[in-house]
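Take a look at the structure below.
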Amino acid sequence: MILDSKIPAGPLAEKWTKHKFNSKLVNPANKRKYEVIVVGTGLAGASAAASLAELGYNVKAFCFQDSPRRAHSIAAQGGINAAKNYQNDGDSVFRLFYDTVKGGDYRAREANVYRLAEVSVNIIDQCVAQGVPFAREYGGLLANRSFGGAQVSRTFYARGQTGQQLLLGAYSALSRQVANGKVKLYPRTEMMDVVVIDGQAKGIVTRNLITGAIETHAAHAVLLCTGGYGNVFFLSTNAMGSNVTAAWRAHKRGAYFANPCYTQIHPTCIPVSGDHQSKLTLMSESLRNDGRVWVPASKEMAEKLRKGEIKANDIPENERDYYLERKYPSFGNLVPRDVASRNAKYVCDEGRGVNETGEAVFLDFRDAIKRDTEEVIRAKYGNLFDMYQQITGENPYKVPMMIYPAVHYTMGGLWVDYNLMTTVPGLYALGEANFSDHGANRLGASALMQGLADGYFVIPYTVGDYLAQIGPKPVDTNHPEFEKTAKEVKERIQKLLSIKGSKTVDYFHKKLGKIMWNECGMARTAEGLSKAKAEIKALRAEFWKDVKVLGDNEELNQSLEKAHRVADFLELGELMIDDALNRNESCGGHFREEYQTPEGEALRDDENFAYVAAWKYTGDNQEEELYKEPLEFENVKLTQRSYK
Amino acid sequence: MKLTLKVWRQKNNADQGKFVSYPVEGISKDMSFLEMMDVLNEQLTEKGEDPVHFDHDCREGICGMCSMYINGKPHGPQQTTTCQLHMRSFNDGETITIEPWRAKAFPVVKDLVVDRSSFDRIIQAGGYVSVNTGGVPDANEIPIPKKIADEAFDAATCIGCGACVAACKNASAMLFTSAKISQLSMLPQGQVERKERAEKMIAQMDAEGFGACTNTGACAAECPKGISLTNIARMNREYFSAVVSSENV
Numbered sequence: 001m002i003l004d005s006k007i008p009a010g011p012l013a014e015k016w017t018k019h020k021f022n023s024k025l026v027n028p029a030n031k032r033k034y035e036v037i038v039v040g041t042g043l044a045g046a047s048a049a050a051s052l053a054e055l056g057y058n059v060k061a062f063c064f065q066d067s068p069r070r071a072h073s074i075a076a077q078g079g080i081n082a083a084k085n086y087q088n089d090g091d092s093v094f095r096l097f098y099d100t101v102k103g104g105d106y107r108a109r110e111a112n113v114y115r116l117a118e119v120s121v122n123i124i125d126q127c128v129a130q131g132v133p134f135a136r137e138y139g140g141l142l143a144n145r146s147f148g149g150a151q152v153s154r155t156f157y158a159r160g161q162t163g164q165q166l167l168l169g170a171y172s173a174l175s176r177q178v179a180n181g182k183v184k185l186y187p188r189t190e191m192m193d194v195v196v197i198d199g200q201a202k203g204i205v206t207r208n209l210i211t212g213a214i215e216t217h218a219a220h221a222v223l224l225c226t227g228g229y230g231n232v233f234f235l236s237t238n239a240m241g242s243n244v245t246a247a248w249r250a251h252k253r254g255a256y257f258a259n260p261c262y263t264q265i266h267p268t269c270i271p272v273s274g275d276h277q278s279k280l281t282l283m284s285e286s287l288r289n290d291g292r293v294w295v296p297a298s299k300e301m302a303e304k305l306r307k308g309e310i311k312a313n314d315i316p317e318n319e320r321d322y323y324l325e326r327k328y329p330s331f332g333n334l335v336p337r338d339v340a341s342r343n344a345k346y347v348c349d350e351g352r353g354v355n356e357t358g359e360a361v362f363l364d365f366r367d368a369i370k371r372d373t374e375e376v377i378r379a380k381y382g383n384l385f386d387m388y389q390q391i392t393g394e395n396p397y398k399v400p401m402m403i404y405p406a407v408h409y410t411m412g413g414l415w416v417d418y419n420l421m422t423t424v425p426g427l428y429a430l431g432e433a434n435f436s437d438h439g440a441n442r443l444g445a446s447a448l449m450q451g452l453a454d455g456y457f458v459i460p461y462t463v464g465d466y467l468a469q470i471g472p473k474p475v476d477t478n479h480p481e482f483e484k485t486a487k488e489v490k491e492r493i494q495k496l497l498s499i500k501g502s503k504t505v506d507y508f509h510k511k512l513g514k515i516m517w518n519e520c521g522m523a524r525t526a527e528g529l530s531k532a533k534a535e536i537k538a539l540r541a542e543f544w545k546d547v548k549v550l551g552d553n554e555e556l557n558q559s560l561e562k563a564h565r566v567a568d569f570l571e572l573g574e575l576m577i578d579d580a581l582n583r584n585e586s587c588g589g590h591f592r593e594e595y596q597t598p599e600g601e602a603l604r605d606d607e608n609f610a611y612v613a614a615w616k617y618t619g620d621n622q623e624e625e626l627y628k629e630p631l632e633f634e635n636v637k638l639t640q641r642s643y644k
Numbered sequence: 001m002k003l004t005l006k007v008w009r010q011k012n013n014a015d016q017g018k019f020v021s022y023p024v025e026g027i028s029k030d031m032s033f034l035e036m037m038d039v040l041n042e043q044l045t046e047k048g049e050d051p052v053h054f055d056h057d058c059r060e061g062i063c064g065m066c067s068m069y070i071n072g073k074p075h076g077p078q079q080t081t082t083c084q085l086h087m088r089s090f091n092d093g094e095t096i097t098i099e100p101w102r103a104k105a106f107p108v109v110k111d112l113v114v115d116r117s118s119f120d121r122i123i124q125a126g127g128y129v130s131v132n133t134g135g136v137p138d139a140n141e142i143p144i145p146k147k148i149a150d151e152a153f154d155a156a157t158c159i160g161c162g163a164c165v166a167a168c169k170n171a172s173a174m175l176f177t178s179a180k181i182s183q184l185s186m187l188p189q190g191q192v193e194r195k196e197r198a199e200k201m202i203a204q205m206d207a208e209g210f211g212a213c214t215n216t217g218a219c220a221a222e223c224p225k226g227i228s229l230t231n232i233a234r235m236n237r238e239y240f241s242a243v244v245s246s247e248n249v
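Top line first, the protein sequences correspond to chains A and B. Residues in the first sequence are numbered consecutively from 1, following full-length UniProt numbering. Residues in the second sequence are numbered consecutively from 1, following full-length UniProt numbering.
Here it is in structure tokens:
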């Protein structure tokens, strides 16, 4: 199979407009004859479900949480980018496009990214019309701030709770369609499999998390808006329930998985405090606007700090190393996330880490407070400072925050074409669940932009084109494939429940996480990856022999839910390793120690690796097959990324 | 730390439920409350006993999923969510009582898990601005005074956890409902449907079986997001002005 990205011909700036015109339309009276399934109710899912229902399609929306409003988009803090140029500081659609392609280390599709930048302006309009209370200036107009990887202020925000406000906006639009009877909601329902008939996605199998009932749902198209897979690392900034199951089951039914090794390690998270830790908490990147990152200039000083002999505030100015400002004078503390994370690792590896474990650096607001007063800083970041104090017991207005990188986002995901369709016709992937827009590294405030772009402004056009082609013939779950798929799901559940081994699901999840973090985290080597692959294989075999899942299927059973998810993570982990081993270069979040510049920056190999790696599932315990989609750059020149 | 946990166990909605006491050891002060519950559940699972079911997801205080009534207070002794509560707020040797939210409109699903879909239905009754995707004015076309935008934001930060209902002796959902009504009544975008929204959301709130407000203020005192009681006053004003000039007669 040749991967056809279906990128429209013509100049970059006209592609999307032309494509929309060339897409087939479904006439308004026929829209009500179509059923669309949307899995996941985060920014991508809620916005897609609401927008499609508004157009007249019948939508079923599924989420595993008790309410669509709890999807993990809610936790996004800092903001959302849009090329509004309200600040008159030189922003434009092209600049947002350029920054995103460059920030992604030239591993994203130009056409997709340009479209993203183009519709970004509509997103802000839409959200304001819904009543999203963005931050404003005294004149009543919208305020902006800057984020990493950009030299303009294009980030719109609602204090440190932008994701919450945007998601509640999309949730309100969704709720309106529930009231209108155009969306049927299925909360506390987990997708267990996709039903593929004659090569096309025709429905899903779900598990009701309260009763355990396995149910089937038919539709003309299925949209997976199920987020990323960062929890493969066990510790991440993702919610506890965030999982890869929906995407992974789709992968096993024929959807290729693209660039799984591209994971984003966010530089500003609260450091790990002990083995009991269940998740990591992000401190928004927006803090780098005012906070200065540093460690002691000498190892000796750092050691005293770790032993508690001195305090951060005792260290004089000339003994501090503001390493980001020193190494990258033009971007300073606002270098992209991958660069900031890697540098934190370097200074800690040198023995200059500042907490007991030696894995933390300072993010210091002393100078900002001196310059702007505590009140101003509180107005900007109050909730983040409170959260920090709540978790660590320290007051960041008085002592510098301690931060360390943590897994935050996955740029990889299901391969999709320009229409967001996976390699299974009728099956789409939106938001973080797809791979398309961020290349090898996502810029801050771009995830919210992409989720909402896909849901509000892309899918309503592209799904219509497909639906018009297949026609409104009614769908139902009578086809034997539904029963067959449901039976497979039930057998898998029985298998998990019947193992009755000796180790809990978390035991396996934590072990997997450690392997992934050590060998497939911030820095990777061929040797380490090969070792990790063998370890994961062994761990997976042990899981299926010795996992202990209590209780029955016919009840609320959180152990069983976790067991499903971890079983899929154990398979995904291996594919991530394969992908990381295959990519003999460093780019963005994927850093192979063998491939670096003398200054320790990522060294790309454009000649051999300027492609999307899309993996095809070939069967249980078989090696996956690699397909390559070459990336062509007609509008930006590939250069060594420099933020100096 | 060594603790005794007195936990509400209830197999399902039909079950009567009862308290069961569990000793836990090796708890560190740096653990979050939910991490302490994870320790308990690992212990129970290893012994072959059904782990305690509880709702949780983001564990950073924003999704609103966690919902435990700890020592007689929703989300425990601090004004925060359960996931952000840390064990440094408790003493070694203490007995901690953990119950689900108790309200007629929040039926217990299992153990500490309750059904809060009544909140979703209140929003579905009118907690939105009726605009479709596309065709909206430019975001800067309607200036909004900063003070108004900030106040609307403060109301909009409600996470829908239900602590207000659990705290209230009447199990009233006035704080939750008023937060959304306030947010939209202050913003220019919410004006068109302002009256209808107040009427419909309040009607739905009553239909769900939430109690009335007797102004004790327990809801605002326990709200992890500091949603202010002013919102209830504002909602009452919205409601009165809506009903006296109602078009739905």
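We treat Cβ as the ideally placed atom computed from N, Cα and C, and that holds for glycine. Values in this document were obtained by computation on a predicted structure and should not be read as measured data.
Give the DSSP bridge partners of residue i, in chain order.
i: serine 172 (chain B); result: B:Gly211
i: glutamine 183 (chain B); result: The partner list for glutamine 183 (chain B) (beta bridge, DSSP) is empty, contrary to what the question assumes.
i: cysteine 269 (chain A); result: A:Leu282, A:Tyr404
i: methionine 191 (chain A); result: A:Thr206
i: methionine 421 (chain A); result: A:Tyr428
i: glutamine 264 (chain A); result: A:Tyr409
Using a C-beta to C-beta distance shorter than 8 Å, which residues of chain B count as neighbours of residue i?
i: glutamine 130 (chain A); result: Tyr128, Val129, Val131, Gln189
i: glutamine 87 (chain A); result: Chain B residues near glutamine 87 (chain A): none, gap ~11 Å exceeds 8 Å.
i: glutamate 285 (chain A); result: Simply none; closest approach about 15 Å.
i: alanine 75 (chain A); result: Cys58, Glu60, Ile62, Cys63
Starting from residue i, follow the beta strand (DSSP E) in both directions and report where the run begins and ends.
i: alanine 429 (chain A); result: 427 to 429
i: serine 89 (chain B); result: No beta strand (DSSP E) holds serine 89 (chain B); DSSP gives it neither H nor E.
i: lysine 184 (chain A); result: 183 to 186
i: leucine 5 (chain B); result: 3 to 9
i: leucine 224 (chain A); result: 221 to 224
i: valine 39 (chain A); result: 35 to 39
The alpha helix (DSSP H) with residue i in it runs from where to where?
i: threonine 100 (chain A); result: 93 to 103
i: glycine 203 (chain A); result: Where glycine 203 (chain A) is concerned, there is no enclosing alpha helix (DSSP H), although the beta strand (DSSP E) it sits in stretches over 200 to 208.
i: isoleucine 459 (chain A); result: 459 to 470
i: proline 630 (chain A); result: Here proline 630 (chain A) belongs to no alpha helix (DSSP H); instead the beta strand (DSSP E) covers 625 to 630.
On a CA-only basis, which of the options is nearest residue i? Give me that one, please.
i: glycine 513 (chain A); options: A:Leu467, A:Leu25, A:Lys500, A:Glu574; result: A:Glu574
i: residue 646 (chain A); options: A:Arg253, A:Glu35, A:Gln77, A:Gly521; result: Within the shown structure, residues of chain A are numbered from 1 to 644, placing residue 646 (chain A) beyond reach of any answer.
i: alanine 220 (chain B); options: B:Val165, B:Phe240, B:Val244; result: B:Val165
i: alanine 360 (chain A); options: A:Lys345, A:Ala368, A:Arg366; result: A:Lys345
i: isoleucine 62 (chain B); options: A:Gln130, A:Gln165, A:Lys102, A:Phe21; result: A:Gln165
i: leucine 363 (chain A); options: A:Asn313, A:Leu420, A:Asp349; result: A:Asn313
i: proline 100 (chain B); options: B:Phe153, B:Val7, B:Arg237; result: B:Val7
i: proline 43 (chain A); options: A:Ile74, A:Ile37, A:Asn30; result: In the sequence as displayed, the identity of residue 43 (chain A) is leucine instead of proline. When each option's Cα is compared against that of leucine 43 (chain A), the closest is A:Ile74.
i: glutamate 303 (chain A); options: A:Asp578, A:Gly351, A:Arg524; result: A:Gly351
i: alanine 255 (chain A); options: A:Asn243, A:Leu223, A:Ile265; result: A:Leu223
i: glycine 353 (chain A); options: A:Thr392, A:Glu375, A:Asp338, A:Lys299; result: A:Lys299
i: methionine 235 (chain B); options: B:Ala179, B:Lys225, B:Leu187; result: B:Ala179
Under 9 Å between beta-carbons, which chain B residues line up against residue i? List them in chain order, please.
i: glutamine 390 (chain A); result: Gly61, Gln78, Thr80, Gln84, Leu85, His86
Kindly list, in the order they appear in chain B, the residues whose Cβ is closer than 7 Å to that of residue i.
i: glycine 274 (chain A); result: Ser28, Asp30
i: histidine 564 (chain A); result: None at all; the shortest Cβ gap to chain B is about 16 Å.
i: tyrosine 138 (chain A); result: Lys146
i: threonine 206 (chain A); result: What threonine 206 (chain A) touches in chain B: nothing, since even the nearest Cβ is about 17 Å away.
For a contact meaning CB atoms closer than 7 Å, what does residue i contact in chain D?
i: valine 20 (chain B); result: Among the chains of the structure shown, chain D does not appear; the protein chains present are A and B.
Listing by chain order, which chain A residues have their CB less than 7 Å from the CB of residue i?
i: glutamine 124 (chain B); result: Ser175, Val178, Ala179
| Length at least 4, wholly inside the segment 499 to 531 of chain A: the alpha helix (DSSP H) runs in chain order | Counting only runs that start and end inside the segment 499 to 531 of chain A, the alpha helix (DSSP H) elements of at least 4 residues fall at 505 to 520.
| 4 or more residues per run - each alpha helix (DSSP H) lying fully within the segment 521 to 600 of chain A | Taking 4 residues as the shortest admissible run, the segment 521 to 600 of chain A contains the following complete alpha helix (DSSP H) segments, listed from N- to C-terminal end: 526 to 546, 558 to 582.
| task | Please go through the segment 103 to 138 of chain B and give each complete alpha helix (DSSP H) segment of 4 or more residues, from N-terminal end onward. | result | Fully enclosed alpha helix (DSSP H) runs of 4 or longer: 117 to 124.
| query | Can you give, in chain order, each stretch of the beta strand (DSSP E) that sits fully within the segment 293 to 380 of chain A and has at least 3 residues? | reply | Within the segment 293 to 380 of chain A, the complete beta strand (DSSP E) runs of at least 3 residues are 361 to 364.
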